[in-house]
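Here's the structure, in structure tokens; my notes come after.
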Amino acid sequence: MSSGADDKQTWMALRAADRPALAEIRARRVNEAIERGARGQSGAVFLCECGFLGCSRTIELPLTGYAAARRGFDRFLLAPGHEQPALDRVVERHDDHVVVVKRDGRSAERAKLADPRGGDDG
Amino acid sequence: MADRSTRVARRAGGGLEALEVTLPASPTSVGHLRSHAREFAAAAGATEEIVTDVALAISEASTNAVIHGYPDRDATGTVALRGSVAEDWLELEVADRGAGFRQSPSGGLGFGLKLMAEVSDSMTIEQRDAGTTIVLRFALAR
Numbered sequence: 002m003s004s005g006a007d008d009k010q011t012w013m014a015l016r017a018a019d020r021p022a023l024a025e026i027r028a029r030r031v032n033e034a035i036e037r038g039a040r041g042q043s044g045a046v047f048l049c050e051c052g053f054l055g056c057s058r059t060i061e062l063p064l065t066g067y068a069a070a071r072r073g074f075d076r077f078l079l080a081p082g083h084e085q086p087a088l089d090r091v092v093e094r095h096d097d098h099v100v101v102v103k104r105d106g107r108s109a110e111r112a113k114l115a116d117p118r119g120g121d122d123g
Numbered sequence: 429m430a431d432r433s434t435r436v437a438r439r440a441g442g443g444l445e446a447l448e449v450t451l452p453a454s455p456t457s458v459g460h461l462r463s464h465a466r467e468f469a470a471a472a473g474a475t476e477e478i479v480t481d482v483a484l485a486i487s488e489a490s491t492n493a494v495i496h497g498y499p500d501r502d503a504t505g506t507v508a509l510r511g512s513v514a515e516d517w518l519e520l521e522v523a524d525r526g527a528g529f530r531q532s533p534s535g536g537l538g539f540g541l542k543l544m545a546e547v548s549d550s551m552t553i554e555q556r557d558a559g560t561t562i563v564l565r566f567a568l569a570r
């Protein structure tokens, strides 16, 4: 039987492991909110969707560029250098942003469940 | 602090129908806007949990407007809070006439936006030349 302290440590370890995925999902929600508010405009300034909770890097993109970056539930828009090699595989590299997909199944599954577009993979 | 302008519309049977408050873009306005939002949400019938989420979200949105909307501390800058209730939804808007998001690192902007996305049920961010408007919706019955 585990003690309360063990349970707390396990819970904290799980939270720490999930933190990058949760930060990415929150950033994606913000970017979806930006895209909704930008309809009728040519472009907008989006947030980097990396796994660092305090990241405030912004990326200016045409709306078509954002839509292209977001054409799959497991694709995330990041500022160059913000990818985490253990978690992210770069599939597109541009001057001012990169597009990554999740390496591990759990992060990809989380991204799919949280996708406001219903996990459409394109 | 005296409100630059405040308008509260009340339903005939009690409760609030609409709220509009405009204050100077100053750090001291953040607490006033948060209080107005809390009172509005409570009068609209929101649970204590939702009222807390509303207060947190409006605090972050107002802080972003003051700090990031007016990085040069424009003394004439304002932050407007508008609220309305429709069916089972509470809608709150925080609008500034500032610089908007910029293509550069901007400390703290992302943290507040992510928090707003987390505690609200729906969020829309409008970036225009005339400023930024964040629209937050909360389901009154979760």
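One line per chain: the protein sequences are A and B, in this order.
Numbering-wise, the first sequence is residues 2 to 123 according to the numbering used here.
Numbering-wise, the second sequence is residues 429 to 570 according to the numbering used here.
Quick reminder that beta carbons are idealized off the backbone N, C-alpha and C, glycines included.
As the structure is a computational prediction, the values presented were derived from the model and not from experiment.
Item	Value
According to DSSP, is aspartate 502/B helix, strand or coil?	coil
Would the beta-carbon of leucine 78/A fall within 8 Å of that of isoleucine 60/A?	yes
From the beta carbon of serine 3/A, is the nearest beta carbon of chain B less than 8 Å away?	Because the pLDDT of serine 3/A is 48, which lies under 50, any placement of that residue in the model is unreliable, and the number read from its coordinates should be weighed accordingly. No, serine 3/A lies away from the interface with chain B (no Cβ there is under 8 Å from its Cβ).
Quick one: grab the DSSP three-state call for proline 86/A.	coil
Helix, strand or coil: which one does DSSP assign to alanine 576/B?	In the structure displayed, chain B extends from 429 to 570; residue 576/B sits before or after that span and is not available.
Give me the DSSP bridge partner(s) of proline 63/A.	Gly44/A
Give the list of continuous alpha helix (DSSP H) stretches no shorter than 4 residues that lie fully inside the region 504-568 of chain B.	537-547
Around the C-beta of aspartate 481/B, are 16 or more other C-beta atoms found within 10 angstroms, so that it is buried, or is it exposed?	buried
Is glutamate 554/B close to chain A, meaning its C-beta is less than 8 Å from at least one C-beta of that chain?	yes
Just mark glycine 127/A as buried or exposed, buried being the case when its beta carbon has 16 or more other beta carbons within 10 Å.	Past the boundaries of the shown model lies residue 127/A; chain A is included only from 2 to 123, so the question cannot be answered.
Closest to arginine 94/A by C-alpha separation, out of Gln85/A, Ala80/A, Pro86/A, would be which residue?	Ala80/A
Does the pairing of the region 458-474 of chain B with the region 497-505 of chain B give three or more beta-carbon distances under 8 Å?	no
Report all residues from its chain with a CB closer than 8 Å to the CB of tyrosine 498/B; omit the five preceding and five following residues, and keep chain order.	Ala453, Gly505, Asp524, Gly526, Ala527
Does the separation of the CB atoms of alanine 472/B and methionine 544/B fall below 8 Å?	no
If the cut is a Cβ gap below 7 Å, which residues of chain A does glutamate 546/B touch?	Arg27
Hey, does threonine 59/A have any beta-carbon neighbour from chain B nearer than 8 Å?	yes
Is the separation between the beta-carbon of alanine 24/A and that of glycine 52/A shorter than 8 Å?	yes
Here's a check: name, in chain order, each residue in its chain whose Cβ is nearer than 7 Å to the Cβ of glycine 44/A, leaving out the five neighbours to either side.	Glu61, Leu62, Pro63, Leu64
Note down, in chain order, every chain B residue with its Cβ under 8 Å from the Cβ of aspartate 37/A.	Note that residue 37/A is arginine in the sequence shown, not aspartate. Result: Thr552, Ile553.
Evaluate threonine 552/B with the Cβ neighbour count: other Cβ atoms within 10 Å of its Cβ, from every protein chain shown; 16 or more gives buried, anything less gives exposed.	buried
Using a 10 Å radius around the Cβ and a threshold of 16 neighbouring Cβ atoms, would you call proline 21/A buried or exposed?	buried
At least one CB of chain B closer than 8 Å to the CB of alanine 127/A: is that the case?	Residue 127/A is absent from the structure shown; chain A starts at 2 and stops at 123.
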